[in-house]
Structure formats: structure tokens, C-alpha cells
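Residue numbers (my numbering), protein chains in the order written: chain A, 1 to 461; chain B, 1 to 461.
Yeah, the Cβ is synthetic: ideal placement off N, Cα and C, and Gly gets one too.
Note that the structure is predicted; figures quoted are calculated from it, not measured.
Number of protein chains: 2
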Amino acid sequence: MSHRSAWITSTFALLVLSSGQLFAQIQQDSLIGGLLKTGLGKGEAFELLEELTSKAGPRLSGSRGAEIAVEVTFKMMMDRGFDSTHLEHVMVPRWERGEVEKATITSAGLPKPLPVTVCALGGSVGTPAEGVEGSIIEVRTFDELQTRAKEAQGKVILYNRPFDPTHLNTFASYSGAVNQRSQGAIEAARVGAIAVLVRSMTGMIDDVPHTGAMNYSDEVPKIPAAAISTQDADLVSSYLRDGLDLSVNLQLSAKTLADVQSANVVGQLTGSLFPNEIIVVAGHLDSWDKGTGAHDDGAGCVQAIEALNLLKKLGVKPKRTIRAVMFMNEENGVRGGKQYAVAPERKGEKHIAAIESDRGGFAPRGITVHGDSTVVGRVNRWQPLFAQLNAGQIGPGYSGVDISHLVDQGTPGFGLDVENHRYFDYHHSDHDTIDKVNARELELGAIVEALLCYLISEEGL
Amino acid sequence: MSHRSAWITSTFALLVLSSGQLFAQIQQDSLIGGLLKTGLGKGEAFELLEELTSKAGPRLSGSRGAEIAVEVTFKMMMDRGFDSTHLEHVMVPRWERGEVEKATITSAGLPKPLPVTVCALGGSVGTPAEGVEGSIIEVRTFDELQTRAKEAQGKVILYNRPFDPTHLNTFASYSGAVNQRSQGAIEAARVGAIAVLVRSMTGMIDDVPHTGAMNYSDEVPKIPAAAISTQDADLVSSYLRDGLDLSVNLQLSAKTLADVQSANVVGQLTGSLFPNEIIVVAGHLDSWDKGTGAHDDGAGCVQAIEALNLLKKLGVKPKRTIRAVMFMNEENGVRGGKQYAVAPERKGEKHIAAIESDRGGFAPRGITVHGDSTVVGRVNRWQPLFAQLNAGQIGPGYSGVDISHLVDQGTPGFGLDVENHRYFDYHHSDHDTIDKVNARELELGAIVEALLCYLISEEGL
């Protein structure tokens, strides 16, 4: 049915086009056919993701996994004969979780100590070996914390504001909750608290904690911060509602080591007419140290490689340079993205577009355009083509963290928009493994990116 | 981003509407808000599906599971206080797989007998206890079978045409392969073969066989028919390519018993102005006897109940009757759908629309319209509303098997169109269980159906 409607759209489009446009239209339709045949028929995105996640495993910046990921993806692009492949070195932070992450609740009202499931938030300081211990205060907002500021002195703050499930887009639910994780330790330290437990950033109720970045301020003490599983957050909350006084002992062995050298991995099909006009298609190579970062963002990396691979297999010689960039360190510093935008290698290059896939390897729905309304309008002229791939939902929106520094310099940004209902079930947790990725959905994302790269390369923006 | 674009669309729509239309538009927007808040916030579709699949389990027509499913869904609708709930009895076939389904390959070229993974196709006759045994001939098409007709006498035919993965829509891949399952035994018997093995109807390569309906003809012998896992189909094929002569012993204990009485389960919100104008929203209650039919079609059943439930919770008193129908026996006879269309209960009723969800409980993308182009056009006037639910892809297409008999009588049919990349990974196999269903995606399908029911009820078609 979608086929027929797309056919009607594109046939109608043919009728109103001039002959030059007609030629372009025929080329575009034939490219879409080729992308579907080659991509869905014998695409490599899923195999690449299997290779990346099995060889590198989790790959937090500065880890051995991240180092392997650089080598593996460099080799993937070399092996596929891209016009050039190189590394751009960047210094990255190195944080380690260590062996211990443990929280135990005690209360006169409980028959025995109750272990709850936690994991250190990324960047957290560790605790002394015997842990930090204090009474628990539960809050849902920073305002609520302020009203209880006096009480908070010496306590452990449980931030327990859940995802609002009523948003259609789960990224809106995430945005509405994530300041508890990112700013919670700062706000808690400001009122004299000694540690924070943060409800995991997910709409799922289960016993798996979700890590993620947290921040400190030099103005207040750096206190330990851990995510608690949604199931245990609900349990603790129910005890507090029942009037129990709860204490928690939190033990974390996390620590931050000296920065280490890592790299962005870059490969490209060089433009035949305008080699210095660059279209970046990107993912980030680092992941958290839970799961294997299959959706976040192994998917985006292999899709970028596969987008170039598909165009190459189809014999496309792009007018402008199409460049796959696997950025390092999106999760805890964005050093790769920041450096790429200002590196000496950028001299003489003009970045005309930057595309990122960092919302999981799910079925694509369309493209979010991170630029002014002129750009949205210009991309919308291709809407019927993307509709042929079931990805015709094009509108303003965010692109991606890594490429946001290019966007800040005036490069239009594009985000691959996907079905995101399942994303935060897995995100930053042991659940984010390749068995949650569907090979067709992943490949189709690469196909959409390949088409967008091609259109920008041939027609400009 | 999709929010913003939807907001722009609906704001623009407001500006060009007359005041009556404006009122309707405001009501519709507020209904969409209410559906999202109530559905995504505290929807019941997933709980209903858990209840159905855990209490009834697999529910092939005539089985105890099917009987429980009738009771459970009847009670679900009674408990929710729909305006009326009743059963419409129907006689259904009763086929049983029995305990034995076993295939063993032997060859002078193999060190020992090789068991392969099979399951009886639905409706197959059984074999003698010692099995049927013959050499294997592999074909991919009926044409190829015809060219080898002489050779086929006394042999076992392996139909091994895989899914064509290059279709964007997996239903197209299924359509291109399924005649091997549905007609394979007839065509094989016509050339004197003694049994058939059919490559499982899935694009996945694994060791789980997928059952499904097969047919016999009275003109030729009824020979046993089994699905073989894709992994073992590939293995057998590779041995044949290597030049091995293979025999197979196939043992099936399947049998067909006498028809038994079952029922369609019907509940409704009765129309306030036109009670005899009916909008059916449907799924089928029976499933295959592998897995628990969570996607096929437990999802469609609970979505139909939930669609009414949501409208009732939001205080909607529909002008026309909105009726949830759980049809019995879609999988192997469609007796429920056929009988519903002609039953005495239909007297005085006018069916103005029939909606079915039978493509799995995945994220909805839109609606396929099974009717003439006028109907497509009329539904398309609501496209901006469905786009607010990320389900704006509206075009001509099939609706559903159960409601096709109403469509044949002139009722416009509508199919809930969903992301279908994963569907045939699970379909008709042990994989089709509730852990493959995402609660938000399932609920959103119910929300889309509720909106479509409401719009047709208030505005007609």
C-alpha cells in the first residue's frame, strides 16, 4: 500500500518536472531501488555491528574496548576501499567504575538489611571502602529539595521523578527527567547532602540500573552518585510512604584517571567535483561500560560506514565528499566532536551538512533538521523520495551531540529519526546488546542516510 | 520535532476552517490529547494481553485454550461496562498436532542419521507411526516441480524458496513465498510425491519452525506436510548441492477431529444517534498452537477492547455504534469472519466501516484503506490528525482476513498498518510470545484505532 502511494507521488512528481529534473528524478528512483536491493538483500550493517560489539565490547572513552573499537572500525573502512581513511587523535577523559558498586538499606522497620540494585553514574567519585552512610530523603524536583534544604544536611538524596509516559516521543520523557542525573549531585551537595541515588532514566520497571553522565561543580563538594533500578526506587519509595526511616550505605569504587589519547575515525568517498565540500555522516564510537552499546551508538557508527559502502557498491561517484566520522567520547565529554570542529585538518574544508544517527538502530521514520526554516524547506523537496523508504517524516528538530559543534558554526545538521518506543528500555544499561537490534531496521537507517548523503552531494542544500 | 510539525499543521488547519469545523477540530485535538494521556499514561492493552496469553496460552480453534480465550475476553468487556457484550456461536474445525513431529535425514554420505527440526503444518494429515520415508527432491517453484515431475514420484519434496529480503514491506516477502505452504502439498501430490517439507515462512535463519495453514484438494491424495526450520532447510540444501542422496523419514501424529462449537466475542458502545450504523474494530481470537499468539493476534484483540475502553474512559458517547469483535478461526477456516457477515444478528444493522489489526502489536505507521478511491480520499482528510500520532501514512491496501467478508459486501475496510520488520521473525512459531511486544507500541495501536472509530462515528465516511 505504501508502495502504491509512493508510486503515485513520484509519478505525479515526474509529470510536473522539467527534463533536467526528470533525469535527476529517474536517477534518484533508480538509486532508491538499488539501495533497497543491495542494502536489504546483502547489506552489511548488522554484520559490522556484530563485529564491533563482539570484538570491542563496551567501549567507554579511555578503555581498552574503545581502543579496539578505533582499530576495528578503521579496518572496516580500509577493507571496503574508501578513498581515504584516517584517524584524528584526541585526548579523552578516563573514568573507571571499578569492582564495587553496592547499596544496602537498613531500617528499624525492616527485618534485615536490604540490598538494592545500583550502579555508579559516569564521572562519580568513589566512596571510602566502608561506604558513605546516611538517612534517605526522597524528592522529585530541585524545588522540592530546596523546600527541604535544612533537613537534607548529612543525608542521601533519592531523586525519584519517573519518566512521564504520556509523551509520544520517549526523548521528551527523557528530557523531562534527566536533570536529576546530570545536575542532581551538584544540587544535593549545595544543601549539604552526602550522596545521591537517582532513579534510572527509563520508562521500564525492572531491576537493571541505567548509568549516564553526571556533573560536578567546583563550588560545592563532589559527592558520590549512583543510579538505582526503577524497581528498587519504587520499593524504597513505598517504604518511605509507609513511614519507615531508612538509611543507606553506598559503596562505589569509581575513580577518574589521567586523560588518555584516543581518536575519531574518519573515512570518505572523495567528491569528484567539489572535494572540499564535506557531508559528514556520523555516529559515536564510545559507549557506556554497561551492555555493549549496540544501539547507543554502535548502530550509528556501522550505519555511517554502511551508507558509504552502499553508495560505493552502487558505483556512485559523489560530486561532493561524503565522510563517515566515528566520534570518540560523546558520552562523557564530547571531546571528539568539539575537536573535530576546530582541528587543523578542517583548514580548506567547507562542511555543508552533518548527519548523525544516535537514537538507536530502530526503523527509521524520517529526518530531523537542525537548521533554519530555509534548510527544512530545501530538504522537504526530497520528502517523496524518503517516503518511498517509509521515512518521509521531515521536520525541524535536534541533530546529534557530536555534530552540534559543526551546527554551531553554521553547518546544517540532520538527525536520523527512528521509532523510539524501545530505546530507553535499553539505553546505558546491560540491556543494550545486539539481540535488541533488528538487522532490517538497522540497515534501513543506513539506506536513508545514504540517500540523504547522495542528494546533498548531487544537488547541494 | 514531530510535535512541532504536527502543531504547525494543526494550527494552519485551524486558520482555514469555518467555525463549525473549528469546533470539530478543537474536539478532535482535545480527544487526541486525552487518548495519549490516558492511553500512554495508564492504558491497559499490555495488561490485557498478559492476561489473555497467560490464561489461555495458545488457542487454536477447537482447543481448550480457545475456549478459555472466549471466556476471558468476554469477561474483559463485561468488567469494563461496555453497553452490551455477547457471544455469537460458530462451528469451527478442530485440528491437533499431537505429540509426535519428527524428521530424520539419512544418507550413505552422512556418518549417522541427522534429525532436523520440523513441525506439522496446520491441517496436515498424520503419518503411520513408523513414518513415511523417501528420497528428497528440492525445488523452489511449482514450475520447477513440473519440470521434475517424473522424478518426483514416491519422493519427498523440499520446497525451499526463501523470503525475498529486498522488499521494504515484509508482507510482500511473505506473499512471494507462502504458496509453497498453502498449495505445496496439492502440487506435490499431483506429481506423485508422498510428503512435503516446506521452508519456514520467515526471513530469519534459525532453528525454530513456523507453522501455518495448508490446503488439500479432493482430486489428489492428502500427503503429510511439515515446516522445516530455515537453518535446517539451508543445511539439507547444502548437502544436496554437494551431491549427497538424502532420504527423510517423517513422523507426524497430527489429526483432524470433528468440528466443535466456539464463538465470536462481541462488545460495543452503542451509538447515541444511529445505533444501527456499526463500526467494527476487530482482531482474531484464535492463534496457532506454537508460542502464545501474542502478536498474532492477541495484540489485535486487546487493541480492539482497549480502543473502546479508552473512548469510554474519556466520556465519549459515540453517535454511531462502535463494536469490538474478536473473531474465531482466522488461522484455519475463517469461520468466524464468514459467519459474522451473514448471521441473523446482522438484520437491521448497517456496517459502515470495519477495522482490523492483524499485523502484530508494533508501532503503528498509519492505515491501509480497503475500499475505492473515494474512501481513501475521505479518510485522508483526517491525515493531519493521525500524523499527530506518528501514524499519518494513509493509502490503499488490504484490511484484514476476518473483515474481508464484510468488505465483500461493500463495507469499507481498514487495516492498522505497523512497523513490520520483526513480524515474520515471530509469526506462527514458538517465538510469538509477549516478551516480543512493547507496551507503548501496542497501546499506540489501540489509540490510533480509537481515533479512527471516533472520527467515523462522528463524521461518517
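Taking only beta-carbon positions, decide if residue i is within less than 8 Å of chain A.
i, result
"B:L49", "no"
"B:T433", "no"
"B:P221", "no"
"B:N160", "no"
"B:R440", "yes"
"B:K466", "Because chain B in this structure spans residues 1 to 461, residue 466 of chain B falls outside the shown range and cannot be described."
"B:P469", "Examination of residue 469 of chain B is not possible in this model, given that chain B is present from 1 through 461 alone."
"B:P165", "yes"
"B:E130", "no"
"B:R64", "no"
"B:L40", "yes"
"B:E71", "no"
"B:E419", "yes"
In angstroms, rounded to a whole number, what distance separates the CA positions of residue i and residue j?
i, j, result
"B:G57", "B:G293", "8 Å"
"B:F46", "B:E419", "18 Å"
"A:G43", "A:D358", "20 Å"
"A:I32", "B:K350", "44 Å"
"B:Y216", "B:G123", "9 Å"
"B:G410", "B:I223", "38 Å"
"A:D408", "A:F414", "13 Å"
"B:L15", "B:Q25", "For B:L15, the pLDDT reaches just 45, beneath the cut-off of 50, and the residue's location in the model is therefore unreliable, leaving the point undetermined."
"B:K75", "B:E277", "25 Å"
"A:T230", "A:V208", "8 Å"
"A:Y159", "A:D242", "18 Å"
"A:L121", "A:A227", "6 Å"
"B:I305", "B:R365", "20 Å"
"A:M91", "A:H295", "25 Å"
"B:S30", "B:L310", "14 Å"
"A:T256", "A:G98", "10 Å"
"A:V401", "A:N329", "10 Å"
"B:A363", "B:Q388", "14 Å"
"B:C492", "B:D218", "Examination of residue 492 of chain B is not possible in this model, given that chain B is present from 1 through 461 alone."
"A:I434", "B:T127", "41 Å"
"A:G212", "A:L48", "25 Å"
"B:V260", "B:V178", "28 Å"
"B:S135", "A:M77", "47 Å"
"A:G271", "A:I367", "23 Å"
Would residue i count as contacting chain B if we go by Cβ distances under 8 Å?
i, result
"A:K308", "The question names Lys, but residue 308 of chain A in the sequence shown is Leu. So, not an interface residue."
"A:N390", "yes"
"A:H405", "no"
"A:A363", "yes"
"A:K37", "yes"
"A:R181", "no"
"A:L250", "no"
"A:L269", "no"
"A:L168", "yes"
Going by C-alpha to C-alpha distance, which of the options sits closest to residue i?
i, options, result
"A:G404", "A:R335, A:H428 and A:A226", "It is Ser, not Gly, that sits at residue 404 of chain A in the sequence shown. It is A:R335 whose Cα lies nearest to the Cα of A:S404."
"B:P111", "B:K290, B:R346, B:D430 and B:L246", "B:L246"
"A:T117", "A:N264, A:G212, A:S200 and A:E443", "A:S200"
"B:I394", "B:L406, B:R381 and B:G400", "B:R381"
"B:A172", "B:Y454, B:T202 and B:V139", "B:T202"
"A:E51", "A:Y340, A:R64, A:G298 and A:H210", "A:G298"
"B:A263", "B:A233, B:G337 and B:M204", "B:G337"
From which residue to which residue does the beta strand (DSSP E) around residue i run?
i, result
"B:E96", "S84 to E96"
"B:R323", "R320 to F327"
"B:G134", "V132 to V139"
"A:F274", "F274 to H284"
"A:L114", "L114 to V116"
At which residues does the alpha helix (DSSP H) containing residue i begin and terminate?
i, result
"B:I305", "A299 to K313"
"A:V334", "Neither: A:V334 is in no alpha helix (DSSP H) and is coded neither H nor E."
"B:I456", "A439 to E459"
"A:G65", "R64 to D79"
"B:K150", "A149 to A152"
For a cutoff of 8 Å on Cβ pairs, would you count residue i as touching chain C?
i, result
"A:R422", "Judged by its chain identifiers, the structure shown contains no chain C, and its protein chains are A and B."
(message) Report the start-end ranges of each beta strand (DSSP E) in the region 350-430 of chain B that is 3 residues or longer and not cut off at the edges.
(response) 350-356, 364-370, 393-396 and 413-418
(request) For the region 186-265 of chain A, list the beta strand (DSSP E) runs that are entirely contained and at least 3 residues long, ordered along the chain. (result) 195-199, 225-228 and 247-252
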